[in-house]
Ligand SMILES: Nc1nc2c(ncn2[C@@H]2O[C@H](COP(=O)(O)OP(=O)(O)OP(=O)(O)O)[C@@H](O)[C@H]2O)c(=O)[nH]1
Ligand SMILES: [Mg+2]
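In our numbering, the protein residues as written are 268 to 638.
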C-alpha cells in the first residue's frame, strides 16, 4: 500500500437503519476500488465486513468493522456500522473517529426509526453527513418520497446532488446535478457511460443545480458575490463551498445508489475524495489533558484507541486513529488514562479480517495494532 498523508486520507462511517444496505455498499466500494476482485453478498455470508460467525447467523452486522478503499490517489477508511439499535455502541465509537458519515437510506422504506436514532448521535458529534439513498433498483423504491421525508426530519439542508432517472427494476441511470451529467450503467453495474442529461429532464436538473449552488453560496459571502455576478460558480468554487458547508452541517448532500448492482458507488467515492473534509480540515481535537492536536505527521505522536477485539488465531487487536504525529512499530506511548508506558506491537491496515502489516501510519489514518 502507498503511504498516505492527511491530505489524501478520508475517514467515513456508513450509518443507517438495519437492512438499508451499508454492508452491501461497503462491498461495492471495495470491489470498485480493486481491493477485492469478487463482490460478496450478505445472503452468501461472503462480505468483507460481516465476517464474524454471529453476523453470518443473523445475516446482519453486529460490529463496526474497518475496511479501506484506495480510490484515485486517496485512501478512504470505511467503518461499516450495524443498524440494529442494540449495537449502537459500535456506531458511537465509529463516530468518535471518522470525519464524515454516509447515512444510508432504504429508498423503499424512507426515513426509519434507526435513521432518526443515529441522527441524534451525529448531531452530538457534529458529524458532517451525506445521504446515500440506496435500493433505487427496488420495485417499491420511492426516491422523492424519501427525499421529502429526509427534508422534513433533518431540515432544508438536505439537498439533492443526484437522482435516479428510472428507479425500480429497470434502474440504470443517475442524473447528477453537480456535474450536470447523466450516468448510464451497463447491466452488471460498475463504470457508467457519461451522457448529456435527456431533454425531458433538463429543466428539473437545472432547478436542482441552482438549489445546490444557492445553498453553498448563501453560507459564504465571497461565493455569493461570485454567484450574483456570474449566475454560476465554477467547479473549484463549488467544491470548496461544499466542503465548508458540509463541515458546518449547513448541507446534507443526497446521492443515490443501487449497492446490490454496484451502481453509483464510484461517483460517491469520488465525491468523498474531493469534497468531504480531509483530517487536516477538521477542527483540532484535544487530549484528556486539554492539549490541542492537529493532523501533523511530524507532531507529537498521539493515537486514540476506539475499539479492542480479541480474535482467535490473531490475539488482541486495538483499533486506533492517529490524531497527530506518525506511529511506528515498537514505539513507546504513554496511556493517558493509566499513565503506563506501552510498547506498540505490529501495526496493520485492516480490511475486515484481512490484516496487512505496515511500518508506520501517519496523522489522520486509522489502523490497528496487534498486542
Ligand atoms: N434491491 C436491493 N437490495 C439491496 C441493496 N443493497 C442491499 N440490499 C439487500 O438488502 C439486505 C440488507 O443489506 P445489508 O448490506 O446487510 O444492510 P445493512 O445496512 O448492512 O444491514 P445491518 O448490518 O443489519 O444494519 C440484503 O439482503 C442485501 O442484499 C440494493 O441496492 N438493492
Ligand atoms: Mg451491515
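The C-beta atom is built at its ideal place from N, Cα and C for all residues, glycine as well.
Candidates 637, 590, 601 and 622: closest to residue 364 by CA position: On the chain shown, position 97 is the one that residue 364 refers to. Of 637, 590, 601 and 622, the residue nearest in Cα terms is 590.
Under 7 Å, do residue 374 and residue 329 count as touching if we go by C-beta distance? Along the chain shown, read from residue 1 onward, the residue named residue 374 stands at position 107. Along the chain shown, read from residue 1 onward, the residue named residue 329 stands at position 62. Their beta carbons are not under 7 Å apart, which means residue 374 does not touch residue 329 by this criterion.
CB-CB length for residue 585 against residue 636, believed under 8 Å: On the chain shown, position 318 is the one that residue 585 refers to. On the chain shown, position 369 is the one that residue 636 refers to. Going by Cβ atoms, the distance from residue 585 to residue 636 rounds to 5 Å, so yes, they are a contact pair.
Distance between residue 600 and residue 413 (C-alpha atoms, nearest Å): As a first step, residue 413 is located in the chain shown; it is residue number 146 there, counting from the start. As a first step, residue 600 is located in the chain shown; it is residue number 333 there, counting from the start. Residue 413 and residue 600: Cα-Cα distance of roughly 47 Å.
If you count every other CB in all the chains shown that lies within 10 Å of the CB of residue 643, and 16 or more means buried, which is it? Past the edges of the chain, shown from 268 to 638, lies residue 643, and the structure says nothing about it.
Which of the three DSSP states, helix, strand or coil, is assigned to residue 447? As a first step, residue 447 must be located in the chain shown, where it is residue number 180. Reduced to three states, the DSSP call for residue 447 is coil.
Cβ shell of residue 318 (< 6 Å), same chain only, five flanking positions each side left out: Position 51 of the chain shown, counted from the start, is the residue given in the question as residue 318. Sequence-distant partners of residue 318 (beyond 5 residues in either direction) whose C-beta falls short of 6 Å from its own C-beta, in its chain, are 619 and 620.
Cutting at 8 Å between CB atoms, please list the residues of its own chain near residue 358, excluding the five before and the five after it. Here residue 358 refers to the residue found at position 91 when the chain shown is read from its first residue. Result list for residue 358: 280, 282, 331, 348, 349, 385 and 388, in chain order.
Does the stretch 537-556 come within contact of the stretch 605-618, defined as at least 3 CB pairs closer than 8 Å? A contact between stretches requires three or more CB pairs, one per stretch, nearer than 8 Å, and the stretch 537-556 fails this requirement with the stretch 605-618.
With hydrogens ignored, establish whether the beta-carbon of residue 328 is closer than 6 Å to any heavy atom of ligand 2. Counted from its first residue, the chain shown places residue 328 at position 61. It does: the Cβ of residue 328 is within 6 Å (strictly closer) of some heavy atom of ligand 2.
Taking a contact to mean a Cβ-Cβ separation below 7 Å, would you say residue 524 touches residue 533 in this structure? Walking along the chain shown from the start, residue 524 turns up at place 257. Walking along the chain shown from the start, residue 533 turns up at place 266. No.
Would you identify the three-state DSSP class for residue 388, choosing helix, strand or coil? As a position in the chain shown, residue 388 is number 121, starting the count at 1. Three-state DSSP puts residue 388 in a helix.
Could you give the distance in angstroms between the alpha-carbon of residue 481 and the alpha-carbon of residue 277? For the purposes of this step, residue 481 is taken as residue 214 along the chain shown, with counting starting at 1. For the purposes of this step, residue 277 is taken as residue 10 along the chain shown, with counting starting at 1. Residue 481 and residue 277: Cα-Cα distance of roughly 26 Å.
For residue 548, which option in 366, 391, 478 and 506 has the closest C-alpha, if you only look at C-alpha atoms? Here residue 548 is taken as the residue at index 281 of the chain shown, counted from 1. Checking every option, the nearest Cα to that of residue 548 belongs to 366.
Pick out whichever of 472, 352 and 596 has its Cα sitting closest to the Cα of residue 625. For this step, residue 625 is matched to residue 358 along the chain shown. Among 472, 352 and 596, the Cα nearest to that of residue 625 belongs to 596.
On the three-state DSSP scale, how would you describe residue 419? Taking the chain shown and counting its residues from 1, the one referred to as residue 419 is at position 152. Helix.
I'd like the ranges of any beta strand (DSSP E) spanning at least 3 consecutive residues and lying wholly in the stretch 452-478. 460-462
Residue 343 and residue 369 closer than 7 Å at C-beta: Within the chain shown, numbered from 1, the residue matching residue 343 stands at position 76. Within the chain shown, numbered from 1, the residue matching residue 369 stands at position 102. No, the Cβ-Cβ distance between residue 343 and residue 369 is not below 7 Å.
Cβ-based burial, residue 296 [other Cβ within 10 Å; buried from 16]: Stepping through the chain shown from its first residue, residue 296 is reached at position 29. It counts as buried.
Looking at residue 532 and ligand 2, is the gap between the Cβ and the nearest heavy atom below 6 Å? Along the chain shown, one-based indexing puts residue 532 at 265. Flag unset: Cβ of residue 532 not near ligand 2.
Excluding the 5 residues flanking residue 462 on each side, which residues of the same chain have their C-beta closer than 6 Å to its C-beta? Counting from 1 along the chain shown, the entry for residue 462 is found at position 195. Cβ neighbours of residue 462 beyond the five flanking positions: 449 and 451.
Quickly, what does DSSP pair residue 623 with across the bridge? List them, please. For the purposes of this step, residue 623 is identified with residue 356 of the chain shown, where counting begins at 1. In the DSSP output, where bridge partners are listed per residue, residue 623 has 616.
Just to confirm, is the Cβ distance from residue 424 to residue 518 under 7 Å? In the chain shown, residue 424 corresponds to position 157, counting from 1. In the chain shown, residue 518 corresponds to position 251, counting from 1. Yes, Cβ-Cβ distance for residue 424 and residue 518 is below 7 Å.
Ends of the alpha helix (DSSP H) at residue 321? Within the chain shown, the letter at position 54 stands for residue 321. Unbroken alpha helix (DSSP H) run through residue 321: 320-325.
Using the Cβ count rule (16 or more neighbours within 10 Å means buried), how would you classify residue 443? To locate residue 443, count along the chain shown from 1; it is residue 176. Of the other Cβ atoms in all chains shown, 16 or more fall within 10 Å of the Cβ of residue 443; this residue is therefore buried.
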